[in-house]
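Following numbering that gives the first Met the number 0, the residues of the sequence shown are numbered contiguously, the last one being 127.
Quick reminder that beta carbons are idealized off the backbone N, C-alpha and C, glycines included.
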Amino acid sequence: MRLSTGLKAREVDPSPPLEELRFQRCTWCSTVVFRTCLLCPVCASTDLPWQRGPATGKICGVIQVGRKGHGLRTDMVVELDNGVRVRCEVENAPIGLTAYGACVTAVGTAPNGMPLFRVDPVVREERW
Ligand SMILES: [Zn+2]
């Protein structure tokens, strides 16, 4: 990644990949929440234990969210290796140019609180 502040451009090391994701899962409706919540956003249960999951998965969808007064925001849907589907941001995945099934790894949290993933480089043997 190249960071430019206008004064001096320099190379910035990309953030290291995470080894696992932490999330809350509702005991009653199985909803997964990635930011700290006291109530389940679906059923309002207070039974939200923390769990750990894999930080790797595959892109399985794209969602466009439109809000009045704001432009369209595009989020990706990633299916983690344990089957949980996560709405997230993927930092080096241009919309329309990234194939479904591309492998991704979690690298942190986006400014809006969603998990942030990065597309893994394609290994020559994995090419289709
Ligand atoms: Zn719930």
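Remark: the shortest separation between the CB of Trp-49 and any heavy atom of ligand 1 does not fall under 6 angstroms.
Within 10 angstroms of the beta-carbon of Asp-74 lie 16 or more other beta-carbons, which makes it buried. Closest in C-alpha terms to Glu-78, from the list Gly-70, Val-61, Cys-42, Gln-23, comes Val-61. Separation of Cys-87 and Val-103 (C-alpha to C-alpha, rounded to the nearest whole angstrom) is 11 angstroms. By the criterion of a C-beta distance shorter than 8 angstroms, Leu-71 is surrounded in its chain by Gln-63, Val-64, Gly-65, once the five residues flanking it on both sides are discounted. For the 7 angstroms CB-CB criterion, Val-76 and Phe-116 do not form a contact.
DSSP, read as helix, strand or coil, puts Ala-92 in coil. Between Gly-52 and Glu-19 the beta-carbon gap is near 7 angstroms, inside 8 angstroms, which marks them as a contact. In the structure shown, the three-state DSSP call for Cys-25 is coil.
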